[in-house]
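Numbering (the numbering used here), first residue to last: 1048 to 1507.
We put the beta carbon where it would ideally sit given N, CA and C, even for glycine.
This one's a predicted model, so the numbers in the text were calculated from it and none came from an experiment.
Here is the structure we will look at.
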Amino acid sequence: MDDQERITGILNAYRAEIMARSPQSLAAWQKNREVMPAGVGSLFRLADPFPFVVKRAKGARIWDMDDHEYLDCMLGFSVMILGNAPDEVEAAIREALPYGTHYGQCHEHEVAFARLFCDMVPGVDKVTFCNSGTEATLYGLRLARAATGRPLVAKFEGGYHGTHDFLAVSFGRPRPGPDRSGPVEDPTTVPESPGLCEGAWKDTIVLPYNHPAALDKIQHHASQLAGVIIEPVLGAGGTIPADPEFLAALRQVTREIGAFLIFDEVITGFRLAPGGAQEYYGIIPDVSTYGKVAGGGLPFGAVGGTAEAMRLMEYDRDFERSIMVAGTFNGNPLTVAAGTAVLRRLSQEPQLYARLNAMGDRFRSEINRFAQAEGYPATATGVGSMFAVHTVHGPVHSIRDLRQGNRAASAGLELLYRRNGLHISPTHGFLSTAHTDEDITRLIEIYKATMMELRAQGVW
Ligand SMILES: Cc1ncc(COP(=O)(O)O)c(C=O)c1O
């Protein structure tokens, strides 16, 4: 038996162990598969050895169908910043419920929600609501194109902005077959799915994250470029923060060439600071996109920006140039109630951020110290309450830095987090205000135990 076979055997034993201890979860997913493709409602719910099936979630904990309790650092892909099922959100939804679950019209509660965006986020004078982050980024690009009259948009390699055809390119996930991602300084636009409209993604150029060549590429396309969209911290791409100087340079070059700078704050919004990444970094984009945290746990997206950038949504004197924004469920009253409850709490208690961010800092520094002292090729990345651990030596500035990761160790980490009672995405973990210092101690213990077991087994 060669080493590869031995390691596969160990990973398969972990898989078998997880499946054996979770018969109800496994059965529930298998029933899903009879009537839902792959048994999941989203590609990102696929997991090794099978998807996590939730029974309930409260605070910093989540339970699977087999009643196993997990420390929850997935938090519904970052959404539940106050922890799962927060009392104030439940109360707000209960209060709104008797008035109707959907109107498809204006209502008096939208203003408080929108006002919180405008008051909390430095770059938002006006905001409009939609139903997902995907829609939000779609509208962000549409605004930029309409305002500038230019055809191209730019995104960064490793950036995830949802599933529409303009931006479902170059997430940078390792894939089978030849590497088509192009040179580091000049990444190729690689569609992430069959079936995308070529006419859509061909107008998207891809830039290297945290790399000065990105600025040159922007200059090169200056006269044709409508806007540049960036996650100020790559989320699904591995929780990699932008360098502050890089973001500042990006702000400068986009302003110089008259293109929109769009911050995709679907994850960072209301998470890094009350005003999101733009407050955290002190850099104001033209347009910002939202989802996740701001919807309070109900489906949500939003686009906000400076009054100038949002002009083409006013439908007045510029009617002919105004962009189409429409949606049956936009401003749904239950989402507005839930989102308002969360944003109100965050705006009234900004000290929550100091605690959240300190917990993230403690995690990163303890894991990095441990990895260094014990000689693990591992790096904890992230900022504030966003974190991930990668199987590479740091520093990590872009997804290309993750390419040397140890595949077997990464697979082993994912399996052992689950077996050891941690619910988390391997590329992006999150903390909530419901997490306690004891939870962070436990989180650190789970990571250390997982790493030590993989080493003891000769997997890493
Ligand atoms: C940064 C970012 N933008 C956009 C999206 C798309 O949001 P949604 O899944 O709500 O469509 C996501 C989702 O994970 C995201 O992380």
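Between the region 1482-1491 and the region 1449-1467, the count of Cβ pairs shorter than 8 Å is below three; the stretches do not touch. Excluding residues up to 5 positions away in sequence, T1438, L1501, V1506, W1507 lie with their Cβ nearer than 7 Å to the Cβ of A1456 in the same chain. In terms of Cβ geometry, V1383 and H1156 form a close pair [threshold 7 Å]. Excluding its 5 nearest sequence neighbours in each direction, D1095 has C-beta neighbours in its own chain below 8 Å: R1062, A1458, E1461, L1462, listed in chain order. For F1160, the uninterrupted alpha helix (DSSP H) segment begins and ends at 1157-1167. By DSSP's assignment, I1287 forms a beta bridge with L1281.
With fewer than 16 other CB atoms across the displayed protein chains lying within 10 angstroms of its CB, S1270 is exposed. Proximity of the beta carbon of H1208 to ligand 1 is indicated: a heavy atom of the ligand is located closer than 6 Å.
Taking a cut-off of 8 Å for Cβ pairs, the region 1398-1405 and the region 1468-1476 do not touch, as fewer than three such pairs fall below it.
At least one heavy atom of ligand 1 is found less than 6 Å from the C-beta of I1314.
Your pair L1073 and F1097 checks out as a contact, with CB atoms roughly 6 Å apart and the cut at 8 Å. Y1146: not part of any alpha helix (DSSP H); DSSP gives it neither H nor E.
Judged by the Cβ position, T1195 fails to qualify as a neighbour of ligand 1 at the 6 Å threshold, every heavy atom of the ligand being at least this far.
CA-to-CA, the gap between A1354 and R1141 works out to about 34 Å. Taking the Cα positions, F1164 is about 14 Å away from I1331. Here the region 1276-1287 lies against the region 1300-1311, with 3 or more beta-carbon pairs under 8 Å apart. Of the candidates C1177, D1333, G1322, D1333 places its Cα closest to the Cα of R1302. DSSP, read as helix, strand or coil, puts V1136 in helix. Note on geometry: alpha-carbon atoms of S1217 and F1099 lie some 27 Å from one another. D1111 counts as buried, since at least 16 other C-beta atoms from the protein chains shown sit within 10 angstroms of its C-beta. Here N1079 has G1086 as same chain residues with Cβ atoms under 6 Å from its own Cβ, once five neighbours each way along the sequence are excluded. The three-state reading of DSSP puts W1507 in coil, since its state is none of H, G, I, E or B.
Checking the DSSP bridge columns, you'll see C1244 has no partner listed.
When C-alpha distances from F1203 are compared across P1346, L1294, G1351, the shortest belongs to L1294. The beta carbon of D1212 sits closer than 8 Å to those of L1243, C1244, A1247, W1248, all from its chain and outside the five residues before and after it, given in chain order.
The residues P1198, V1200, A1273, G1274, in chain order, have a CB closer than 8 Å to that of R1192 in the same chain once the five nearest residues on each side in sequence are set aside. Remark: the shortest separation between the CB of T1480 and any heavy atom of ligand 1 does not fall under 6 Å. Taken in chain order, the complete alpha helix (DSSP H) segments of 4 or more residues contained in the region 1436-1491 are 1454-1466.
DSSP lists G1351 as the bridge partner or partners of V1174.
Looking at the backbone, the Cα of T1181 and that of A1418 are separated by about 36 Å.
For F1417, the enclosing alpha helix (DSSP H) has its first and last residue at 1398-1421.
Distance from the CA of T1480 to the CA of N1379, rounded to the nearest whole angstrom, comes to 26 Å. Residue nearest to A1283 within the set D1365, M1121, S1412, G1342 is M1121 (criterion: CA-CA distance). Between ligand 1 and E1239, a heavy atom-to-CB distance of less than 6 Å is absent.
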